[in-house]
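Shown next, in structure tokens, is the structure this report addresses.
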Amino acid sequence: MHMHKLEKIWITIGIVTLIAFLSTVGIQAFTSDHHKPPSDLTVIDPEKVHETAPFDEPGLKELGDNKYELIIVLQSFGFTPNDIQIPQGAEVTIKVTSIDVVHGFQIPGTNVNMMVTPGHINSMTYTFDETGEFLILCNEYCGTGHHYMSAKLEVI
Ligand code: CUA
Numbered sequence: 163m164h165m166h167k168l169e170k171i172w173i174t175i176g177i178v179t180l181i182a183f184l185s186t187v188g189i190q191a192f193t194s195d196h197h198k199p200p201s202d203l204t205v206i207d208p209e210k211v212h213e214t215a216p217f218d219e220p221g222l223k224e225l226g227d228n229k230y231e232l233i234i235v236l237q238s239f240g241f242t243p244n245d246i247q248i249p250q251g252a253e254v255t256i257k258v259t260s261i262d263v264v265h266g267f268q269i270p271g272t273n274v275n276m277m278v279t280p281g282h283i284n285s286m287t288y289t290f291d292e293t294g295e296f297l298i299l300c301n302e303y304c305g306t307g308h309h310y311m312s313a314k315l316e317v318i
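Position in the sequence shown (first residue = 1) + 162 = the numbering used here.
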């Protein structure tokens, strides 16, 4: 089969670009820590969440010098607790799990955004520098009441 020289060059560019792109994505996916779900490998029995520490006592706990832990249980269609007060400047490690289906945990206006899978504990740390009222939203469709699933967080 005869191929024009320019056609060969163009196909070569296409193949090289494809290999470069797939290698970049592939190498990052398997080597970079930023491409893993934060702490989503921690497991919990979803049927025993209410008896398992720290989820047996949901809420905000002071751990030490301006450091807090916020434990939240998600279920269709709500957050426990759903009205949270946090002191300004607090460094909060948020730990979440679900007792039923996949939910989401997002605080719009911050970079807090986690997928909450039953059987897994997800967590991330965020410092609340500014006072104000924040909304906590479920951003994974979880059933008929999904759009009602929210909670209030106040930084005071
Ligand atoms: Cu929970 Cu959507």
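Cβ coordinates follow ideal geometry from the N, Cα and C atoms, glycine included.
Bear in mind the structure is a predicted one, so any value in this text is a computation, not a measurement.
Look at G266: its beta carbon is less than 8 Å from one of the heavy atoms in the ligand CUA. With a cut-off of 8 Å on Cβ pairs, the region 268-278 is not in contact with the region 239-247, counting fewer than three such pairs. Taking the C-beta atoms as reference points, G266 is found no nearer than 9 Å to I206.
With respect to V235, I261 sits close: the two C-beta atoms are nearer than 9 Å. Between G305 and F241, the C-beta gap is not smaller than 9 Å, which leaves the two residues out of contact. The three-state secondary structure of E231, taken from DSSP, is strand.
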